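Each protein sequence line maps, in turn, to chains C and L.
0 is the number of the first residue of the first sequence in numbering that gives the first Met the number 0; add one for each residue after it.
0 is the number of the first residue of the second sequence in numbering that gives the first Met the number 0; add one for each residue after it.
All C-beta atoms in this analysis are idealised placements derived from N, C-alpha and C, irrespective of residue type, glycine included.
On a predicted model such as this, the values are computed, not experimentally measured, just so you know.
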Amino acid sequence: MFFYFVLVLRILLDDIEKAEAHRVAQSLSFEYPLQVFYVDTSKYVSPLVDYTDWTDDYVASYNPLSGSAHSFFRFSCSNSSLNIPL
Amino acid sequence: MQLVWYMDNFLIFIIESVMEHHDAITGTAKDFVNADYFQRLQEGTQAALQTASQALAFLVRINENKKTPTMVGLDFSPLNQTGFSPIQSLFKASPEDQYVPMIIYNSLAWERSEIVRIEGVEPPTNRTVFLVLDELGNTVPSQLLPRGRQPTGGGLAPGYDLYFEAQNIPPLGWNTYFITTPASSPSASPTTTKTSAANSLNEPVILQNGVYSMTLLWNEAVGYYKLSSVVNMLTGKTYNVTARLMEYVAYMDGAYILSTRQQAVEVVAPTGSTLQWQLSQGAVVQQFTQFISDNITQTFRLYNAGDVALNGSSDFVGRFLEIFHSAALAENREMILRFDVTPDSTAWGADLTGGVFFSDNGVELLHRPRDIIRFGDTSERNIIAGGYYPVQATALLRSNVTTGGELVFLTRQSVGASSQLNNSIEVLFHRRTSYDDGRGVGEALNDTSRLNIPFRYSFLFLFGVFLFCSCS
Numbered sequence: 000m001f002f003y004f005v006l007v008l009r010i011l012l013d014d015i016e017k018a019e020a021h022r023v024a025q026s027l028s029f030e031y032p033l034q035v036f037y038v039d040t041s042k043y044v045s046p047l048v049d050y051t052d053w054t055d056d057y058v059a060s061y062n063p064l065s066g067s068a069h070s071f072f073r074f075s076c077s078n079s080s081l082n083i084p085l
Numbered sequence: 000m001q002l003v004w005y006m007d008n009f010l011i012f013i014i015e016s017v018m019e020h021h022d023a024i025t026g027t028a029k030d031f032v033n034a035d036y037f038q039r040l041q042e043g044t045q046a047a048l049q050t051a052s053q054a055l056a057f058l059v060r061i062n063e064n065k066k067t068p069t070m071v072g073l074d075f076s077p078l079n080q081t082g083f084s085p086i087q088s089l090f091k092a093s094p095e096d097q098y099v100p101m102i103i104y105n106s107l108a109w110e111r112s113e114i115v116r117i118e119g120v121e122p123p124t125n126r127t128v129f130l131v132l133d134e135l136g137n138t139v140p141s142q143l144l145p146r147g148r149q150p151t152g153g154g155l156a157p158g159y160d161l162y163f164e165a166q167n168i169p170p171l172g173w174n175t176y177f178i179t180t181p182a183s184s185p186s187a188s189p190t191t192t193k194t195s196a197a198n199s200l201n202e203p204v205i206l207q208n209g210v211y212s213m214t215l216l217w218n219e220a221v222g223y224y225k226l227s228s229v230v231n232m233l234t235g236k237t238y239n240v241t242a243r244l245m246e247y248v249a250y251m252d253g254a255y256i257l258s259t260r261q262q263a264v265e266v267v268a269p270t271g272s273t274l275q276w277q278l279s280q281g282a283v284v285q286q287f288t289q290f291i292s293d294n295i296t297q298t299f300r301l302y303n304a305g306d307v308a309l310n311g312s313s314d315f316v317g318r319f320l321e322i323f324h325s326a327a328l329a330e331n332r333e334m335i336l337r338f339d340v341t342p343d344s345t346a347w348g349a350d351l352t353g354g355v356f357f358s359d360n361g362v363e364l365l366h367r368p369r370d371i372i373r374f375g376d377t378s379e380r381n382i383i384a385g386g387y388y389p390v391q392a393t394a395l396l397r398s399n400v401t402t403g404g405e406l407v408f409l410t411r412q413s414v415g416a417s418s419q420l421n422n423s424i425e426v427l428f429h430r431r432t433s434y435d436d437g438r439g440v441g442e443a444l445n446d447t448s449r450l451n452i453p454f455r456y457s458f459l460f461l462f463g464v465f466l467f468c469s470c471s
């Protein structure tokens, strides 16, 4: 019985913590929206006529948590050639 | 280059230090000082944004032999009062069939899927649609919304707002999207736009996604539409929620003191005027805008991607009703938005005295009591003012019934919030008074500016969908 109550209490506390975490996530996402940067193609070396022009030359997606090997498998570049400090 | 970056970061560091002065936090300073605060903050923000742009431009190069692109960070914050969107001229100047890379950076520590809004875009001549592709070339849902008639002094750029879904942006990482303006695009879903000229006023306005169905009804007494009910599509429960735009009449109060002459009264459209409104519905967003008067515009926005909200992302934008106000006040008016939940036995709970009110102090949510008499003063205006609490990020109204749920309010900037009535929550977001309250400013809080301020509301359910989602 004791362990049952401890378990129930633990689940309730866990849910309260998750609820608070959700509120924090929600307010932070509102306060800090995704930041948009655009590339001024008028100053680019040559006009981009296809999106592959960019993905061949630049890192189009980067996930610092999963690591570069996972992040860049879709691109024709090797991990060692990346300009990103890891 | 590194020295320039250092100087820019040093600039925002200095400005943030100034902003920590107590008058900068509360706005209890003379007008010219407040104007100086805003100018400095904008200068610092722009400098930091420029530094971030240049740093990101270096990071996206595969190796040092590649040319560093010219990258520009877009600032759609209220601080940016210029109303100028550089991307507008970019698309006008760009040759047709050209792709513009847009890098979406996530500054938070968890993966996010959100709707990105790019304000003030305009397609080049002979092109009417924008197409958004992800880095693999797949088309992502996007939508172009006309900005509509802006009221006098709105300060918004002409053109359109482009919305698209940015999905699975890694924490502290980025994804690239490409925007192009093709001659024809069968995959781009059209936006249906209705205006007040084409429809009768009595027709209800319904905004619906996978989470909510919200109904706005025409109200003859005030002369515009009001939110009247919210259906949780996941539980099927209907909440009778009314959103009322109201004003307090100031009673010789100022920057420090809130003192009102009477209870708040609803804002009424000018007598004899015909309400102008615009309803736009498309693949990404549904938006209803009503121009209540020359000085007040109210926009309800619901993002369509409700199904994605169930994929474990608790902060997904589909779970929120976004309400945007653009308002300038008459003399001695203090504007609020009040939500009233009608008690019932099926959804919110039948307790007529219910509704527990919480607001945050920047660290945690605190229970805030209602109808408090402070300093033995039982006058109405002191009870009203005594029930107001600061909100940094969030406030909520919780049902007395465990299955009733919560009405959660989110804000990007500090405001005042209160629960003056049972089952009611209100937010005070704009003040203009013609008196000095004698606490040292020496000036009236005569804020004649037009405030553009977004809020988010969600209708969560503590022991229902909410916990189910939190465990996913």
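Own chain, CB closer than 7 Å to Ala46 (chain L), minus 5 neighbours either side, in chain order: Excluding residues within five positions, the ones whose Cβ falls inside 7 Å are Asp7, Leu10 and Ile11.
Other residues of its chain near Leu216 (chain L): CB distance less than 6 Å, five sequence neighbours each side excluded: The beta carbon of Leu216 (chain L) sits closer than 6 Å to the beta carbons of Pro203 and Ser227 from its chain, once the five residues preceding and following it are set aside; these are given in chain order.
As assigned by DSSP and simplified to three states, the class of Leu257 (chain L): Of the three classes helix, strand and coil, the one that applies to Leu257 (chain L) here is coil, per DSSP.
Proximity of Leu406 (chain L) and Leu396 (chain L) at Cβ, strictly below 8 Å: Inclusion of Leu406 (chain L) and Leu396 (chain L) in the CB contact set at 8 Å is warranted, their separation being smaller than that value.
Boundaries (first-last residue) of the beta strand (DSSP E) holding Trp217 (chain L): Start and end: Tyr211 to Asn218.
Spatially closest choice to Thr543 (chain L) from L:Leu244, L:Gln207, L:Val128 and L:Gln280, by CA coordinates: Outside the displayed range of chain L (0 to 471) lies residue 543 (chain L), so it cannot be described from this structure.
Ile295 (chain L) at chain A interface by Cβ criterion, 8 Å: In the displayed structure, chain A is absent; the protein chains listed are C and L.
C-alpha gap between Thr44 (chain L) and Ser378 (chain L), whole angstroms: Approximately 44 Å, taken between the alpha carbons.
Residue nearest to Val414 (chain L) in terms of C-alpha spacing, selected from L:Glu363, L:Tyr388 and L:Leu40: The shortest C-alpha to C-alpha distance from Val414 (chain L) to any of L:Glu363, L:Tyr388 and L:Leu40 is the one to L:Tyr388.
Whole-angstrom distance between Gly404 (chain L) and Asp350 (chain L), CA atom to CA atom: Whole-angstrom Cα-Cα distance: 13 Å.
Cβ-based burial, Gln166 (chain L) [other Cβ within 10 Å; buried from 16]: The residue is buried, with at least 16 neighbouring Cβ atoms inside 10 Å.
Residue interval of the alpha helix (DSSP H) (run including Gly43 (chain L)): From DSSP, the alpha helix (DSSP H) with Gly43 (chain L) extends over Asp30 to Leu58.
Distance between beta carbons of Glu330 (chain L) and Lys29 (chain L), contact taken as under 8 Å: Taking C-beta atoms under 8 Å as the contact rule, Lys29 (chain L) and Glu330 (chain L) fail to qualify, at a distance of about 19 Å.
C-beta contact flag for Ser433 (chain L) and Val390 (chain L) at 8 Å: No.
Asn105 (chain L) at chain C interface by Cβ criterion, 8 Å: Residue-level contact check: Asn105 (chain L) touches chain C, since one or more beta carbons of chain C fall below 8 Å from its beta carbon.
Chain C within 8 Å of Ile117 (chain L), Cβ atoms only: Interface with chain C (8 Å Cβ-Cβ cutoff): Ile117 (chain L) is included.
Where Tyr434 (chain L) falls: helix, strand or coil (DSSP): Annotated three-state conformation of Tyr434 (chain L) is coil, per DSSP.
Beta-carbon gap between Tyr255 (chain L) and Arg438 (chain L) smaller than 8 Å: Contact: yes.
Under the three-state DSSP convention, the category Met232 (chain L) falls into: In the three-state reduction of the DSSP assignment, Met232 (chain L) falls in the coil class.
CB of Val128 (chain L) within 8 Å of CB of Tyr176 (chain L), strictly: Contact flag unset, no.
For Gln412 (chain L), the three-state DSSP class (helix, strand or coil): Looking at Gln412 (chain L) - three-state DSSP - the assignment turns out to be coil, as it is neither helix nor strand.
For Arg411 (chain L), the nearest candidate out of L:Gly361, L:Asn422 and L:Asn33 (CA to CA): Residue L:Gly361 is the option with its Cα nearest to Arg411 (chain L).
Cross-strand partners of Phe323 (chain L) (DSSP beta bridge): BP columns for Phe323 (chain L) point to L:Thr298 and L:Pro453.
Contact with chain C by Tyr302 (chain L), beta-carbon distance below 8 Å: Closer than 8 Å to the CB of Tyr302 (chain L) there is not a single CB belonging to chain C.
Inter-residue spacing [alpha-carbon to alpha-carbon] between Leu27 (chain C) and Leu365 (chain L): Cα to Cα, the separation comes out at about 18 Å.
Sequence-distant residues of its chain with Cβ nearer than 6 Å to Met251 (chain L) (five each side left out): Spatial neighbours of Met251 (chain L) in its own chain (CB-CB distance under 6 Å, excluding positions within 5 residues in sequence) are listed in chain order as Tyr434.
Assigned exposure category for Ser258 (chain L) - 16 Cβ within 10 Å defines buried: A buried status is given to Ser258 (chain L), since no fewer than 16 other beta-carbon atoms sit within 10 Å of its beta-carbon.
Straight-line gap, Arg22 (chain C) to Phe356 (chain L) (C-alpha atoms, nearest Å): Each residue's alpha carbon lies about 15 Å from the other.
Any C-beta of chain C under 8 Å from that of Tyr5 (chain L): Taking Cβ atoms only, chain C never reaches closer than 8 Å to Tyr5 (chain L), which makes this a no.
With 16 other Cβ atoms within 10 Å as the buried cut-off, status of Thr138 (chain L): Classification for Thr138 (chain L): exposed.
Residues that Leu406 (chain L) bridges to, as DSSP identifies them: In DSSP, Leu406 (chain L) forms a bridge with L:Leu396 and L:Phe458.
Cβ neighbour criterion (16 or more within 10 Å) applied to Thr25 (chain L): The residue is exposed, with fewer than 16 neighbouring Cβ atoms inside 10 Å.
Alpha-carbon spacing of Leu320 (chain L) relative to Arg260 (chain L), whole angstroms: About 32 Å.
Beta-carbon gap between Arg238 (chain L) and Val115 (chain L) smaller than 8 Å: Just to set this straight, residue 238 (chain L) is Tyr in the shown sequence, not Arg. No. Outside cutoff.
Contacts of Asn472 (chain L) in chain C (Cβ-Cβ under 8 Å): Any property of residue 472 (chain L) remains undetermined from this structure, which presents chain L solely from 0 to 471.
Inter-residue Cα distance where the pair is Thr234 (chain L) and Leu40 (chain L): Cα-Cα distance, rounded: 45 Å.
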